[in-house]
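Counting from 1141, one number per residue, gives the positions in the sequence shown under our numbering. Here is the structure we will look at.
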Amino acid sequence: MQSPDGSAPSSPALSDNCENNSPEEYHNVIARSRWRILAQALQKCEVVPTMPSSVRRFQSYGLVSALPLENLHEDSATWYEYRATIGQDLFSVLIRHPKRTFTATDLMGFNNTGNICVWPSEEVLAYYSLCNPNTFSNKSVLELGGGMSCLAGLMIGKYTSASKVLLTDGNVFSINNVHHILVKNGFGNSSRVSSSVLKWGKRANSKVEFLTEELQSKPASLKFDVIICADCLFFDDARQDLVQTIFDFIADDGIALLTAPRRADTLDKFYDKACNAGFICNLQEIYNDQIWDRHLHLKANHGESYNENIHYPLLLQLKKMSFYNSHQVDKSESVS
């Protein structure tokens, strides 16, 4: 996977020694590393970590490749074809990487590290989705925190029979880029696959640009059968808002699919909040044979740059407890 300027693939810029730190020290390292990335983005287009100990040396799982497209020329962006091969089938979408320098306005107001890098968790979520197209058949799908590319949601929109796909992020600049991507992939005038700014919390969308008509007209009643989200669990101040947003937008019988590394206790904290909010939580370490094989290979052969605690995405499935409990009661009553 690659940074928005089209430079080499990258993963989160954290210290190699994170796994040896206390939770408090770990969070401080995360904060310093992410602010360093944002500061670099303000100064220039190319985002390159300055610390030699950065784990950005781990780039991707090699499940999705990105090929530059010389024939699609823009002064302000570089276009790539993102490809995944599953069995004999080739899947590809066109992704736009802006060249412009980020301003403080672009980066303020919402957690925006997803706008600087495309994380391996998003690569994994896209690949997993392509391997499980029936999960989305005739379903409405919402991607949260999709960043500059919304890669997983775009793949779902193009290659599954999902009835509706809405790609969202909390940053206007991000969604503006996603709009360009949708146009280039043939969804410019599509009501089936669309994009919108969506800030997490209790429906905080009233005066935000790039809202879909549905979010403007009936946000309280808009529900989705499947919600997807990649690597959005590490910010302490956004965790509860993400849980709330998923709970508000998921259908009673819906499912949320989230991919994220453990990153010390960040995933565990989200898991606890989700359970406390009324979700049935199912955390899976092995959920796809190809992804698991790549993980084992990296762990065995690239231990100097690959740390499963901060790199390997687990799959977390969320379902509303109230719905499934009520259906269990209905079944028991019908039996009696």
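Glycine included, C-beta positions come from ideal geometry on N, C-alpha and C.
Residues near residue i by beta carbon distance below 8 angstroms, same chain, minus five either side
i     : result
R1434 : Y1201, G1202, L1203
T1225 : F1231
Y1299 : F1231, L1270, P1273
N1278 : S1301, A1302, S1303
Under the three-state DSSP convention, the category residue i falls into
i     : result
R1379 : helix
Y1452 : coil
P1401 : coil
W1432 : helix
L1306 : strand
K1239 : coil
Q1276 : The question names Gln, yet the displayed sequence has Phe at residue 1276. F1276: helix per DSSP, three-state reduction.
Y1427 : coil
G1394 : strand
D1206 : Reading off the sequence shown, one finds Ala at residue 1206, where the question assumed Asp. If DSSP states are grouped into helix, strand and coil, A1206 belongs with the strands.
E1444 : coil
F1327 : coil
D1408 : helix
S1194 : Low confidence applies to S1194: its pLDDT is 44, below 50, so where it sits in the model is not reliable, and the reading given next is rough at best. It is a strand residue.
L1338 : coil
S1484 : Beyond the ends of the chain as shown, which are 1141 and 1476, falls residue 1484; an answer cannot be given.
C1421 : strand
C1369 : strand
Y1201 : coil
T1385 : helix
L1294 : helix
S1232 : strand
L1458 : strand
N1311 : coil
Spatial neighbours of residue i in its chain, beta-carbon cut-off 7 angstroms, leaving aside the 5 residues before and after
i     : result
D1423 : The amino acid at residue 1423 is misidentified as Asp; the sequence shows Leu. If we look at L1423 and ignore the five residues flanking it on each side, its Cβ neighbours are Y1411, L1454, L1456.
A1292 : E1262, L1265, A1266, S1269, E1283, I1368, A1370
H1451 : S1151, F1198, P1260, P1401
D1381 : W1340, G1341
D1429 : none
A1391 : K1363, F1364, D1365
K1460 : I1390, D1392, G1418, F1419
K1409 : R1379
Inter-residue CB distance, residue i and residue j (contact presumed, cutoff 8 angstroms)
i     : j     : result
T1399 : S1261 : 4 angstroms
L1338 : G1297 : Rounded, the Cβ-Cβ distance is 16 angstroms, inconsistent with contact.
V1366 : T1308 : At roughly 14 angstroms, the Cβ-Cβ gap does not stay under 8 angstroms, so V1366 and T1308 are not in contact.
F1389 : K1363 : 6 angstroms
D1462 : G1418 : Here residue 1462 turns out to be Ser, not Asp, going by the sequence shown. About 6 angstroms; that satisfies the 8 angstroms criterion.
H1524 : S1335 : As displayed, the chain neither begins before 1141 nor continues past 1476, which places residue 1524 out of reach and without an answer.
G1285 : C1372 : 4 angstroms
L1131 : E1221 : In the structure displayed, the chain extends from 1141 to 1476; residue 1131 sits before or after that span and is not available.
L1322 : V1333 : 6 angstroms
R1236 : A1206 : At roughly 12 angstroms, the Cβ-Cβ gap does not stay under 8 angstroms, so R1236 and A1206 are not in contact.
F1374 : R1403 : 5 angstroms
A1096 : L1458 : Past the edges of the chain, shown from 1141 to 1476, lies residue 1096, and the structure says nothing about it.
N1325 : L1294 : 7 angstroms
Exposure label - residue i; buried when at least 16 CB within 10 Å
i     : result
D1405 : exposed
L1407 : buried
K1184 : Annotation note: pLDDT 44 at K1184 (below 50); position unreliable, no value reported.
Y1464 : exposed
P1238 : buried
I1426 : exposed
W1340 : buried
L1436 : exposed
G1394 : buried
A1440 : exposed
N1449 : exposed
W1219 : buried
N1329 : exposed
N1447 : buried
Residue i beta carbon near the ligand ZN (any heavy atom closer than 7 angstroms)
i     : result
S1301 : Looking for the ligand ZN in the displayed structure turns up nothing, as the structure carries no ligands at all.
6 angstroms Cβ shell around residue i - same chain, five flanking residues per side excluded
i     : result
V1383 : K1413, A1414, A1417
V1348 : Because the pLDDT of V1348 is 48, which lies under 50, any placement of that residue in the model is unreliable, and the question is left without a value.
C1290 : E1283, L1307, V1318
R1223 : S1205, S1232
V1305 : V1281, G1293, I1296, G1297, V1333
W1432 : I1426
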